[in-house]
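Heads up, the sequence shown is in the working numbering, so the first residue is 34 and it goes up one at a time.
Just below is one structure, and these are the notes that go with it.
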Amino acid sequence: MIAFKKGFSKHSSKKGYQELIKTLFEDTFAEGTSFGGLHPEYIGEILKHILYREKFKKVNITVSLEADGYHLNIKINRKGK
């Protein structure tokens, strides 16, 4: 599940991706958190953020297919320096 910042509103598909990524990266991806309804490129963006911006050397995640058979779910299990 993605936890949007208070006041976040629905967005158009044109600029929605950029707004979503900006909103996601304002908060740290803590261990034990999960995010759903994702496309594969979002998984890559989350990993890049943890490894390059947060400067972790390792991250243990679980990626699973959601019930709709299309979207992905990611759980941040552990991060290591």
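Cβ coordinates follow ideal geometry from the N, Cα and C atoms, glycine included.
As the structure is a computational prediction, the values presented were derived from the model and not from experiment.
For residue i, three-class secondary structure by DSSP
i, result
"residue 65", "coil"
"residue 50", "helix"
"residue 70", "strand"
"residue 44", "For residue 44, the predicted structure reports a pLDDT of 48, less than 50, and the residue's modelled location is therefore unreliable. The matter cannot be settled from this model."
Member of the options whose CA lies at the smallest distance from the CA of residue i
i, options, result
"residue 69", "111, 112 and 95", "95"
"residue 110", "64, 54, 97 and 82", "64"
"residue 108", "90, 101, 83 and 88", "83"
"residue 89", "100, 75, 113 and 99", "113"
Terminal residues of the alpha helix (DSSP H) in which residue i lies
i, result
"residue 90", "Careful: residue 90 lies outside any alpha helix (DSSP H) and carries neither H nor E."
Pair within 8 Å by beta-carbon distance, residue i and residue j
i, j, result
"residue 105", "residue 92", "no"
Bridge-paired residues (DSSP) for residue i
i, result
"residue 113", "91"
"residue 105", "71 and 98"
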